[in-house]
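Report on one structure; see the data block that follows.
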Amino acid sequence: MLHNQNGQSMYNRQSFQPEKEFGYPSVSGQHAYSALNSNVTDTYPQGHPNSSFQPPPNYYAGNQGQTFQPQSQPSYYSAQSMQSMNQPPLPPMPPVPNHQDFVQRPQQPRLPPMPPMPPGPEGVPPPSYRQPQPPGPFPLSNGANSQINTLHSQQPYQNGPVSRQPQFSQSINADRLPSPIEVIESNRAQCTGPFYTGQRGVVPPLVTTDFISRDQGTCAPCFIRSSLYSVPNTSDLLKTVGIPFSLTISPFAVQHTEDMNIVISDMGPQGPVRCVRCKAYMNPFMNFIDGGRRFQCPLCNGLTEVAAEYFAHLDHTGRRVDAGQRPELCLGSYELLATAEYCKNNQLPLPPAIIFLLDVSQSAIRSGLVQLFCSQFVERILPNLPREKFASSDMANPIRLGFITYDHQLHFYTVPRESSSSAQQTSESADQNTYNSYGKPQMYIVADIEDVFVPTVEGFLIPPDPVVISSILEMIPTQFCTENALNRQPTDSVLGPAIQSGMEALRAANRSGKLFVIHANLPIGEAPGKLKNRDDRRLIGTEKEKTLLLPDNDFYVGLGQTCVEVGCSVDLFLFPNSFVDIASLAEVPRITSGRLFKYNCFQADLQGHQFLADLQRTLTNLQAFNAVMRVRTSTGIRPVEFFGNCYLPNTTDVELASVSSDMAITAELRHDDKLQEGELVFIQVACLYTSVSGQRRLRIHNLSIPVTSMIPDIFRLVELDAHMNWLSKYSMRSLLNRTHSQVMDDLTTRAANTLAAYRRHCACGPNDVNSNPSELVLPQNMKVFPLYIQCLMKTEAFSPADGITIDDRCWQMFLVNQMDVKQSNCYIYPHLYPIHDLSLNFEGDIPYPPAAIRCSYDRLQMDAAYLLDNGIYLIMWIGPNISSEWIQAVFNVQNPEHFESEKLLVVRPGDKSELWFRRFMVEDRCSSNSISYTEYLCHIHKEVSSLLH
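Below, the structure written as structure tokens:
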């Protein structure tokens, strides 16, 4: 039993009746974690919705905590309880969410009702989705209670200021601090049913939870995840809360296997139906009036006449009679076929092309890279070319392939068709693979690298035919990899002209596409894009450190922008033996929405499998080419900043030369006018793109979020993982303009301001007898916010550390900039799995990963083995006392000392690599200049106390 400072019991189990008190279980409770006395209480001011909070009867059993079993009550505030607090009630939640009860703007036509969706296999959805709840107060042993009482008696609160120099962090039990592992496991246990997207005032399940989404007119969280699911009605209120309103957008995210597939709608030759004022596309929130002859846009409130081809009558509820048959009228995510007016020069596009550019300098050949690529391409890479999702395996892939090798010159490979003329080669009939007779491959050499040109278009882009491609790939090793040829090969190569040549080849073919550039070392050859070695570790930690994170010149920035204009994306695979200046080279894949891979000191026999797997996955994840994305919002709010690997030609369009399923763009939204409380903020993300088959399509995602003026509602509906995604990308951008220490101070200040706002407005009051300034009160949905801030500052992308080169850091900064919410969550707080108890004998699918443990070295057992995953590295840690039977079963050796770990990162206690492994133990002191989770929590508490006093 927990007690307050007066020794009185904090809870009265018999008096707790959540159904009568609030009409919902304790979903908005928060826990107060004391940095001064390690006391844990639940504290609320009088008048707060949870001021009478008591745990349910099964919350505690003696001194041991028990998991709170979810109840069936809805998780929103009831109107009766809101009125009892002299606060305006929130709109009531209907059994099946719809749009009939929206609060309307004055003197405006009523918005349309939400079209009812057929129930899923589970039946009718519950009144509201069960809110994710972190576990209750952590169980305390008798010893822990004794320790807390002792600390409390040593430092009682004397109605004076909080101590500015706490010296007690070593006495705090780390097990009692908020744990992301318990938050994740609790959410998984509670969110077991489908998530119905039409609900209001609920936060979706965490990204670490595997769940099914049921589309009810709002897109699934995998496509758009908001940092706030209750939008402040004014900019001042948003500033007070200190949590930016951001959207992490993954327009082509991989859906759950049981989710509804994206449906394609063809609106005929007239093209997609749009609002005449704001150009928003038809969506379920459009309100049809005048018998269906006009519709009102929910974004701009403009009225648009309905074309005769799109007209349909309305039923007695005001819905169109065909609403259930049209995806754009009943689904939150769908695709529309675009017409020629959405295409360049009003011409429908050809299928995209993929060009592979292979470095054949001496270093690339001696590492085995060239031989590996040529020998494994047909077997490992060719079957993984992107295809339409529903295309049958026997259908010919419309994508075209091209090959270029380069050193100090450029080499184009063509395979002309013997029965076709040059004119026929460029015709549409040639693209339909009507010719099947090819001649021998030919190589054209371009020696003029100052003014790159394409020697021929005929026969350069070929169908993905294994026989034809094999003839080219057999030619390359015989040309460059023999001993005599190798001695004549230059030691360096030119990169800029090689990328230009691939881009010009796509331009000449009038196709969009992707370049896969496989490059070895720093491009120091005399050619455009030449770079110099500027690696200087003496600048790290100084004012000039940011110069190492910025490109050396503007060549690759301009090259990337030109590629976007052509519709050419660039993926860069680097195989350096030393400094390669990623800060400069990464500008091309960053601007063109490409990918960046890095393999230090590459050896084909050790790292070849990893390279081929990365190339396979990158090809498979390709979804769209030559895309333009625009975020439209309702009146009063607008997007102001975009973070991600993309090109921004203006303030509204986001140009993406290619889009993969695992990349995301994060948008920050701000107010430009006051929003009306009780209304909805409407958001529509439209992505115009060329599909793998060459169709021009529009992918549309719609989202609506309620507006509030209540600060408790804002904190109750915060999505912490989405907020950390924005914060990580914002920090990466800040590092390019400010010093490392300044960005660290900014992160801590942001965290302190947010927690101080919560304490000031939600967990403190003049008549609150339980209010104790010695307690650090954390919002329920942000319990691990301080920990995540500290973990972000310990990442290799953010913080310079011994052994981390500037290239490695720039590479990881690039990766962070393209991460979606799930990836950034894993990167900030790595997943540490115990694997010594896993059964090695199983059939069928690979079993679900075991429950993770907290990232602290003290939690590692010497007779166990663990696998750490941060989204970039997979590291296995093996204790010295692990059983020999386990070692024999896993590695087929008797002793872990005999295991060769070149292909797998294996760490053993005492190894040199263990210091690197300890950096991922983010709750510990990772280095001499870092602090532990406990110490940082104390520091945050001191900052919050300073703001409050």
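Under UniProt numbering, think of the first position of the sequence shown as 1, with each following residue one higher.
All residues carry an ideal CB built from backbone N, CA and C; glycine is no exception.
Bear in mind that the values here come from a model prediction, so they are computed numbers and not experimental data.
Pairwise C-alpha distance: LEU736 and residue 950
As displayed, the chain neither begins before 1 nor continues past 949, which places residue 950 out of reach and without an answer.
Curious, which full-length beta strand (DSSP E) runs of at least 3 residues does the region 242-290 contain?
245-249 and 287-289
Taking DSSP as the reference, what is the three-state secondary structure of ASP746?
helix
Judging by CA-CA distance, which residue of CYS826, HIS740, LEU815 and THR405 is the nearest neighbour of ILE721?
The sequence shown places Asp at residue 721, not Ile. Checking every option, the nearest Cα to that of ASP721 belongs to CYS826.
Is ARG595 buried or exposed, if buried means 16 or more other CB atoms sit within 10 Å of its CB?
buried
If I measure Cβ to Cβ from TYR829 and keep anything under 6 Å in the same chain, skipping five residues before and after, which residues do I get?
PRO180 and CYS791
Going by C-alpha distance, which of MET443, TYR758 and ASN600 is nearest ASP478?
Correcting the residue identity first, residue 478 is Thr in this sequence and not Asp. Taking only the C-alpha atoms, the option nearest THR478 is MET443.
Provide the residue span of the beta strand (DSSP E) that contains CYS687, from first to last.
680-690
So, at 8 Å on beta carbons, what are the nonlocal neighbours of GLU796 in its own chain, with the 5 sequence-adjacent residues on each side left out?
ILE804, ASP808, ARG809, GLN812 and ARG919
Taking buried to mean at least 16 other C-beta atoms within 10 Å of its own C-beta, is SER237 buried or exposed?
The sequence shown places Leu at residue 237, rather than the Ser named in the question. With 16 or more Cβ atoms within 10 Å of its Cβ, LEU237 is classed as buried.
As a quick exercise: from ASN533, ASN345 and ARG590, pick the residue whose alpha carbon is nearest that of LEU559.
ARG590
Would DSSP call TYR933 helix, strand or coil?
helix
Taking 9 Å as the threshold (C-beta atoms), are VAL718 and SER250 in contact?
no
Nearest-angstrom beta carbon gap, SER856 and ASP924 [assumed within contact, 8 Å]
5 Å
Can you check whether the CB of VAL654 is closer than 9 Å to the CB of VAL628?
yes
What's the gap between the Cα of VAL452 and the Cα of VAL588?
18 Å
Neighbourhood of VAL659 by C-beta distance below 6 Å, restricted to the same chain and skipping five residues each side
PHE252, GLN623, ALA624 and ALA627
Based on the DSSP output, what are the partners of MET629 in its beta bridges?
VAL654 and CYS687
Inspect the beta-carbon positions of PRO351 and GLY694 and report whether they are closer than 9 Å.
yes
Between the beta-carbon of ASP863 and the beta-carbon of PRO850, is there less than 9 Å?
no
Count the other CB atoms, across all protein chains shown, that sit within 10 Å of the CB of GLU335; report buried if there are 16 or more and exposed otherwise.
buried
Within the same chain, show all residues whose beta-carbon is closer than 6 Å to that of HIS831, passing over the 5 residues directly before and after it, in chain order.
ALA852 and ASP869
Does any CB atom of chain D fall closer than 9 Å to the CB of ASN233?
Protein chain content of the structure displayed is limited to a single chain, and chain D is not contained in it.
Pick helix, strand or coil for LYS783, following the three-state DSSP scheme.
coil
Could you give the distance in angstroms between the alpha-carbon of GLN684 and the alpha-carbon of PRO639?
11 Å
State the Cα-Cα distance for the pair residue 979 and LEU698, rounded to the nearest angstrom.
In the structure as shown, the chain starts at 1 and stops at 949, and residue 979 therefore has no counterpart that could be examined.
Neighbourhood of THR666 by C-beta distance below 8 Å, restricted to the same chain and skipping five residues each side:
SER246, LEU247, THR248, ILE249, PHE642, PHE643, GLY644, ASN725, TRP726 and LYS729
For a quick check, are the C-beta atoms of ARG511 and PRO463 less than 9 Å apart?
no
Boundaries of the beta strand (DSSP E) in which GLN296 is found, first to last residue
294-296
8 Å contact criterion, which ASP535 and PHE602 should meet: CB distance rounded
That belief does not hold up - the Cβ atoms of ASP535 and PHE602 are roughly 19 Å apart, past 8 Å.
Taking C-beta to C-beta, are SER230 and ILE705 nearer than 9 Å?
yes
Hey, quick one: how far does the alpha helix (DSSP H) through GLU474 stretch, first residue to last?
466-480
In this structure, how does DSSP classify PHE195 when only helix, strand and coil are distinguished?
strand
I need the straight-line Cα distance from LEU572 to GLY271, nearest angstrom please.
37 Å
Answer with buried or exposed for MET876, where buried requires no fewer than 16 other C-beta atoms within 10 angstroms of its C-beta.
buried
Alpha-carbon spacing of GLU328 relative to ASN521, whole angstroms:
50 Å
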